[in-house]
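Residue numbers (the UniProt record's numbering): 1 to 330.
One structure below.
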């Protein structure tokens, strides 16, 4: 019998909610806790130093995005009680990995293309750089380092990627493919990303949440920090909000540009957080940052439900997610 099948026997279900957030990790300049994500970015916030957080061992030859991911993955796994000094506290096959990043290794890819264009050959490529050219290098690096042997996915799906990753994590858990998932969004700030996006203020950071089958965290003494509810994927913000449900949210995390849809204010009177406006253009990382922000909202005593929305009206799609307080009626 698989680990997923065994642990499923302890699941609490009601109202369709079967997953919860049990751990959070951040590698964001100026924000070390989920609560701090809800405040303005401090002036002069220093860039995250992975070597200071993790030590230099294992960081050499890793690109910036992978280093940032290692920082917050380590923190999230420990926060959820899944990682101790002796390694994982649960079977590795019970943990899925889902990474959202649209520009994670674009600096490596651009550097290789520029080198080949200049020299007319790939002979000058370093064997240490080649693995970083793989689009799933972040997901595979985390799986190898921590022994996470569940499903492993890399999502490069535009601005909805972070919330898409959370939705797929919940799907994997519901289907019995895993009992828990490390969901991580990361976007670096470098010359290649600025050139491609035209943005002059990028988050240069990462956020991770551990999503688990209900009851698994408390069974090992770890609190559930938020409940993962309904999801939606539509064309446009208004349609997405309508699909998320009839319950008026206590607060919502907007899609990132600080503006409302063309048909007016979608949720009049409901406070909104614009994390991209506060911390920098976040692309695929935005949805995971929003989930971490929701955990901070609940930790500070805020009520629910909380809506997270990523993808503007002019984008390919808009994704939405409902998060509820951990003590909400299930």
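For each residue, glycine too, the CB sits at the ideal point set by N, CA and C.
Item	Value
Same chain, Cβ closer than 7 Å to residue 4, five either side skipped, listed in chain order	The predicted position of residue 4 is uncertain, since its pLDDT is 42 and thus under 50; no value can be drawn from it.
Stretch pair the stretch 287-294 + the stretch 161-176: three plus CB contacts closer than 8 Å	yes
Within-9 Å CB hit, residue 307 to chain B	Any reference to chain B falls outside this structure, which holds one protein chain only.
Rounded C-alpha distance that separates residue 284 from residue 42	23 Å
Member of 129, 255, 97 whose CA lies at the smallest distance from the CA of residue 110	129
Span separating the alpha-carbon of residue 70 from that of residue 112	24 Å
Beta-carbon proximity list for residue 324, same chain, < 6 Å, skipping 5 on both sides	227, 229, 304, 305
Backbone CA spacing between residue 46 and residue 37 [nearest angstrom]	15 Å
Residue 171, enclosing alpha helix (DSSP H) - first and last residue	161-174
Alpha-carbon to alpha-carbon, residue 301 and residue 86	34 Å
Beta-carbon spacing of residue 254, residue 26 below 9 Å	no
Which of helix, strand or coil DSSP assigns to residue 312	coil
Own chain residues within Cβ distance below 6 Å of residue 23, not counting five before or after	76, 79, 80, 210
Cβ neighbours of residue 233 in the same chain (closer than 8 Å, five flanking residues each side left out)	160, 164, 167, 240, 317, 318, 319, 320
Residue 35 versus 170, 296, 322, residue with shortest Cα-Cα distance	296
Proximity below 9 Å, CB of residue 186 to CB of residue 134	no
Identity of the residue in 137, 158, 150 nearest residue 315 by Cα	158
Cα-Cα separation between residue 39 and residue 61, rounded to whole angstroms	34 Å
Alpha carbon of residue 117 to alpha carbon of residue 248, nearest angstrom	54 Å
Beta strand (DSSP E) segment containing residue 209, residue limits	205-213
Residue range of the beta strand (DSSP E) that includes residue 319	318-324
Residue 148, DSSP secondary structure in three states	coil
Cα-Cα separation, residue 115 to residue 193	18 Å
Assigned exposure category for residue 68 - 16 Cβ within 10 Å defines buried	buried
Residue 322 to residue 266 span [Cα, whole Å]	16 Å
6 Å Cβ shell around residue 141 - same chain, five flanking residues per side excluded	66
Bounding residues of the beta strand (DSSP E) (the contiguous stretch that carries residue 296)	No beta strand (DSSP E) holds residue 296; the alpha helix (DSSP H) holding it covers 286-299.
Span of the alpha helix (DSSP H), counted from its first residue to its last, around residue 230	Note, residue 230: premise wrong, no alpha helix (DSSP H); beta strand (DSSP E) at 226-234.
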